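Protein chains in written order, with this note's numbering: chain A, 1 to 114; chain B, 1001 to 1115.
Okay, structure first, notes after.
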């Protein structure tokens, strides 16, 4: 019964490159959420997706960030032209269909921009 | 607006001591959920507990217990007979409003248990 799977675990990118972070939800979960954790901070909501739909992206930066959850395959968080301030841990979570069911988080992807 | 405050940034205790982690929340909603997550040094987030606003019963799970008090808007977490493996950052989180899904996290409390 695999949990939420995120890869890669660590990602290093130079300024200006693109970062692609992947997330496979728990089996049976159709709701995916991305959160960002800056150093010494709690997690901040970025985006909520269901299959082929973005439900709420109110926490996403207006530029360079995008997310998708295709019909087949994992959810992808994409950051274009990364800058040093994008360095953070990015966590994906998934939940079932019951309202307010607990979010189960993956191990996170630690992005370092050099 | 929702807010979660974990006033204790870092706590150190000696093994076998009891320790309480404080969490104070703010919300205007009457329906809400409170959570605790553990983040060990390896970095993953581990779900510990969820409580809804209509259930003020305290909960005990092994060495862990939670004290939910609506009168003081607090949801404190106590570890009894602490162990080195309890060393982690602990986050309190709030999710409010029917059908809501966004979690508002506190900044976390780093607990160090010294052998």
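The C-beta atom is built at its ideal place from N, Cα and C for all residues, glycine as well.
Given the structure is predicted, the values throughout are model-derived calculations rather than measurements.
Fill in: chain B contacts made by the region 88-112 of chain A, where a contact means CB separation under 9 Å
89, 91, 93, 95, 99, 100, 101, 102, 103, 104, 105, 106, 107, 108, 110
**Asked** If you compare alpha carbons, which of A:91, A:104, A:26 is closest to residue 45 of chain A?
**Response** A:91
task = Starting from residue 1113 of chain B, follow its DSSP beta bridges and name the residues at the other end.
result = B:1013
**Study point:** Contact set between residue 41 of chain A and chain B, taken where Cβ atoms lie within less than 7 Å
**Key:** 1107
request  = Please go through the same chain and pick out, in chain order, the residues whose beta-carbon is closer than 6 Å to the beta-carbon of residue 1021 of chain B, but skip the five residues on each side of it.
outcome  = 1077, 1090, 1109
Exercise. So, is residue 103 of chain A buried or exposed, given that buried needs 16 or more other C-beta atoms within 10 angstroms?
Worked result: buried
Could you name each continuous beta strand (DSSP E) segment of 3 residues or more that falls completely within the region 1018-1083 of chain B, going from the start of the chain to the end? 1019-1021, 1024-1026, 1032-1039, 1046-1052, 1059-1061, 1064-1069, 1074-1079
Problem - Contact list for the region 1038-1062 of chain B against chain A, Cβ threshold 7 Å - result: 1043, 1044, 1045, 1047, 1050
Discussion item. Please report whether the beta-carbon of residue 45 of chain A lies at a distance below 7 Å from any beta-carbon of chain B.
Written reply: yes
Original post:
What does DSSP give as the partner residues of residue 104 of chain A in its beta bridges?
Top reply: A:94
Self-check item: Helix, strand or coil at residue 9 of chain A [DSSP, three-state]
Solution: coil
> Going by the beta-carbon positions, is the gap between residue 33 of chain A and residue 43 of chain A smaller than 7 Å?
Replying inline: no
### Among A:74, A:10, A:64, A:66, the one whose alpha carbon lies nearest that of residue 88 of chain A
A:10
What distance in whole Å lies between the Cβ atoms of residue 1079 of chain B and residue 1018 of chain B, which are believed to be in contact at a cut-off of 8 Å? 7 Å
Can you have a look at residue 55 of chain A and say buried or exposed, based on whether 16 or more other CB atoms are within 10 angstroms of its CB? exposed
Can we say the region 1010-1017 of chain B touches the region 1062-1077 of chain B, given the rule of at least three CB pairs closer than 8 Å? no
Query - Proximal residues of chain A, C-beta to C-beta of residue 1094 of chain B below 8 Å - result: None at all; the shortest Cβ gap to chain A is about 11 Å.
Once DSSP output is grouped into helix, strand and coil, what is the label at residue 82 of chain A? coil
CA-to-CA distance, residue 4 of chain A to residue 1026 of chain B, given in whole angstroms: 30 Å
Buried versus exposed, by CB contacts within 10 Å (16 or more), residue 86 of chain A:
buried
Ignoring anything shorter than 3 residues, give me the beta strand (DSSP E) runs that lie fully in the region 7-55 of chain A, in order along the chain.
10-13, 19-24, 31-37, 43-50
I need the DSSP call for residue 1089 of chain B, collapsed to helix, strand or coil. strand
Tell me the rounded alpha-carbon separation between residue 1037 of chain B and residue 14 of chain A. 32 Å
field: Interface positions of the region 1007-1035 of chain B facing chain A (Cβ-Cβ less than 8 Å), listed along the chain
entry: 1033, 1035
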